[in-house]
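**Q** Residue 182 in full-length UniProt numbering is what sits at position 182 of the sequence shown, and the numbering runs on without skipping anything.
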Amino acid sequence: MKIKTIWILVLLLITGLFTAACGSDGQRSTQSVHAKPHIVTTTTMLTDLVQVIGGDYVTVEGLMGAGIDPHLYKPSAGDVNKMSKARLIIYNGLHLEGKMSDVFAQMQKAGVATLAVGETLDKSRLLESEEFDGNYDPHIWFDVENWMLAVAKVKEALIALEPAHKEQFEQNAAAYISKLNALHSYVQAQAKRVPKQSRVLITAHDAFNYFGRTYGFEVKGLQGISTAAEAGTADVRELADFIVQNKIAAIFVETSVPKKTIEALQEAVKARGFQVQIGGELFSDSLGEPDTPTGTYTGTIEHNINTIVKALLAE
Numbered sequence: 001m002k003i004k005t006i007w008i009l010v011l012l013l014i015t016g017l018f019t020a021a022c023g024s025d026g027q028r029s030t031q032s033v034h035a036k037p038h039i040v041t042t043t044t045m046l047t048d049l050v051q052v053i054g055g056d057y058v059t060v061e062g063l064m065g066a067g068i069d070p071h072l073y074k075p076s077a078g079d080v081n082k083m084s085k086a087r088l089i090i091y092n093g094l095h096l097e098g099k100m101s102d103v104f105a106q107m108q109k110a111g112v113a114t115l116a117v118g119e120t121l122d123k124s125r126l127l128e129s130e131e132f133d134g135n136y137d138p139h140i141w142f143d144v145e146n147w148m149l150a151v152a153k154v155k156e157a158l159i160a161l162e163p164a165h166k167e168q169f170e171q172n173a174a175a176y177i178s179k180l181n182a183l184h185s186y187v188q189a190q191a192k193r194v195p196k197q198s199r200v201l202i203t204a205h206d207a208f209n210y211f212g213r214t215y216g217f218e219v220k221g222l223q224g225i226s227t228a229a230e231a232g233t234a235d236v237r238e239l240a241d242f243i244v245q246n247k248i249a250a251i252f253v254e255t256s257v258p259k260k261t262i263e264a265l266q267e268a269v270k271a272r273g274f275q276v277q278i279g280g281e282l283f284s285d286s287l288g289e290p291d292t293p294t295g296t297y298t299g300t301i302e303h304n305i306n307t308i309v310k311a312l313l314a315e
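(1) Helix, strand or coil, according to DSSP, for Tyr91 in the structure here?
(2) If you draw a straight line from the alpha carbon of Asp206 to that of Lys196, how long is it in whole angstroms?
(3) So, Ala173 versus Val151, is the Cβ gap smaller than 7 Å?
(4) On the criterion of 16 or more Cβ atoms from any shown chain inside 10 Å, does Lys155 qualify as buried, or is it exposed?
(5) Starting from Phe242, trace the alpha helix (DSSP H) both ways and give me its first and last residue.
(6) Could you tell me the distance, in whole angstroms, from the CA atom of Gly279 to the CA atom of Ala35?
(7) Report the partner residues of His38 according to the DSSP bridge assignment.
(8) Can you tell me the Cβ-Cβ gap for Tyr210 and Gln188, rounded? I've got them flagged as a contact below 8 Å.
(9) Who are the Cβ neighbours of Tyr297 in its own chain at under 6 Å, not counting the five residues just before and after it?
(10) Let's test the definition: count the other Cβ atoms within 10 Å of the Cβ of Ala268 and tell me whether it reaches 16, buried, or not, exposed.
(11) Check His165 in the structure and name its three-state DSSP category.
(12) Pairs of beta-carbons, one from the segment 86 to 105 and one from the segment 55 to 72, closer than 8 Å: are there three or more?
(13) Secondary structure at Val219, three-state DSSP: helix, strand or coil?
(14) How would you label Thr300, buried or exposed, when you count the other beta carbons within 10 angstroms and need 16 or more for buried?
(15) For Gly93, count neighbouring C-beta atoms within 10 Å of its own C-beta (all shown protein chains included) and say buried if the count is 16 or more, exposed if not.
(16) So if DSSP puts residue 325 in a beta bridge, which residue, or which two residues, is it bridged to?
(17) Do you know offhand how far Leu312's Cα is from Ser76's?
(18) For Val194, report the span of its alpha helix (DSSP H) as first-last.
(19) Going by C-alpha distance, which of Thr43, Ile39 and Glu167 is nearest Gly288?
(20) Would the segment 243 to 256 and the segment 301 to 311 be scored as touching if the rule is three or more Cβ pairs under 8 Å?
(21) Name the residue from Gly65, Glu128 and Val40 whose alpha carbon lies nearest to the alpha carbon of Ser286.
(22) Going by the CB atoms, is the gap between Asp69 and Ser256 shorter than 7 Å?
(23) Check whether the Cβ atoms of Gly54 and Leu161 lie closer than 7 Å to each other.
(24) Measuring alpha carbon to alpha carbon, tell me which of Phe217, Leu72, Lys99 and Asn135 ends up nearest Ile202.
(25) For Ser84, count neighbouring Cβ atoms within 10 angstroms of its own Cβ and tell me buried if that reaches 16, exposed if not.
(26) Relative to the C-alpha of Glu254, which candidate in Gly212, Leu222, Arg193 and Ser124 has its C-alpha closest?
(27) Which class does Gln277 belong to by DSSP, given the choice of helix, strand or coil?
(28) I believe Val236 touches Leu265 by the beta-carbon criterion, under 8 Å. Please report the beta-carbon distance rounded to the nearest angstrom.
(29) CB Val40 to CB Lys82, shorter than 7 Å?
(30) Can you give the Cα-Cα distance for Gly62 and Phe242, rounded to whole angstroms?
(31) Quick one: is Pro37 buried, meaning 16 or more other Cβ sit within 10 Å of its Cβ, or exposed?
(32) If you follow the alpha helix (DSSP H) that Leu115 is in, where does it begin and where does it stop?
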């Protein structure tokens, strides 16, 4: 038996999931009809989304806080306990939460409902990645149109969970879709302010390919799609040469990735006799702190495009 599998089983035994699972269906069916369904989410983006659509009719508990890297996140015994008691677990999927896949599988076996939002999208909406042996890039939220599709899937899941509030969920989803349409148009307009030849986005890791496809940017990351793969000297050298050859104005750090990799890239460019600015901090795999402008999905996307455009135009 693999060590990882043993570790998962130990966590499940600690939380008493195997014992509780035998009566889980009965326990859930006898819950008060007035109790709000308890939903556990993984990333901050999904926590925000479920809170918007669910409103006052669900209780949402996010496992990952601001600045947490989902690629590297390992669930604690407490996390497993929370998931075991949930009516529904909503996660991104597509291997974003790479160290949680065994836990999700065990939860499904125990009868806990799950929704992998990224895996519900039509394959035509997804980008394949050679890095993941032909699997798909999990950073779907950087295409606002993809996030609109995610809204629809979450709405359907909430209606199935709590049909008595179908009308409210539909109203919340419709209002949010309208807001996302406006955001999508805003990002398009801002992106077009940058001359086509200058639309090059260089970041700490390769998270922005959906953004690049949708809004017309060439995207390069120092690390790969997953932050689990560290950048090597050759990666820094190759990207530094590209920056110098193409006279790139700015590169960007990310809130959920250590700054040292981008700072090393900046130094490598400087050693070649060229100056590239760090254009600011982008939110990639996490939203900002709650109750701040970047603590929501819409606020984060708006911050990112404004930061990118300002830096590339040297405003």
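Virtual Cβ for every residue (Gly too), placed ideally from N, Cα, C. Computed from a predicted model, the values in this text were never measured in an experiment.
**A** The short version:
(1) strand
(2) 20 Å
(3) yes
(4) buried
(5) Thr233 to Asn246
(6) 47 Å
(7) Thr59
(8) Contact doesn't hold; Cβ gap of about 14 Å is too wide.
(9) Met45 and Asp48
(10) buried
(11) helix
(12) yes
(13) strand
(14) buried
(15) buried
(16) Since the first and last residues shown for the chain are 1 and 315, residue 325 lies out of range.
(17) 41 Å
(18) Neither: Val194 is in no alpha helix (DSSP H) and is coded neither H nor E.
(19) Thr43
(20) yes
(21) Gly65
(22) yes
(23) no
(24) Phe217
(25) buried
(26) Leu222
(27) strand
(28) 6 Å
(29) yes
(30) 39 Å
(31) buried
(32) Where Leu115 is concerned, there is no enclosing alpha helix (DSSP H), although the beta strand (DSSP E) it sits in stretches over Ala113 to Ala116.
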